[in-house]
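Engineer: Below are the structure tokens for one structure; questions will follow.
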Amino acid sequence: MKAINALMASMLMMSSAGAMAANFADFDTDKDGVISKSEASASESLMKVFNELDSNKDGELSEDEFNK
């Protein structure tokens, strides 16, 4: 049973990451290749993790940062 729960959790995490990756272009509304805090503010859930994802602390999310 533990293995099934672990597998389901892993699949959910991969699914969530895939959904985030697919939506980068939706958040990058000005198509400059990064997501600003202003653009991210359209999503409460993205704003909650924005600073954590912004690994170089430049106030923007690159596609690589967004997909981590």
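According to mature numbering (1 follows the signal peptide of the UniProt record, and there is no 0), the residues represented by the sequence shown are -21 to -1, 1 to 47, in order.
C-beta: ideal position from N, C-alpha, C; glycine also.
What span of residues does the alpha helix (DSSP H) with Ser17 cover, start to end?
Structural biologist: Start and end: Lys16 to Ala19.
Engineer: Can you tell me whether Ala21 is buried or exposed, with buried defined as 16 or more other CB within 10 angstroms of its CB?
Structural biologist: Label assigned to Ala21: exposed.
Engineer: Quick check on the DSSP output: the alpha helix (DSSP H) that includes Ser24 runs from which residue to which?
Structural biologist: From DSSP, the alpha helix (DSSP H) with Ser24 extends over Glu23 to Leu32.
Engineer: Leaving out five residues before and five after Glu18 in sequence, what residues of the same chain have Cβ atoms less than 8 Å from its Cβ?
Structural biologist: Once the five neighbours on either side are set aside, the close Cβ partners of Glu18 are Phe6, Asp7, Thr8 and Asp9.
Engineer: Across which residues does DSSP place Glu42 in a beta bridge pair?
Structural biologist: Note: Glu42 sits in no beta bridge, so no partner.
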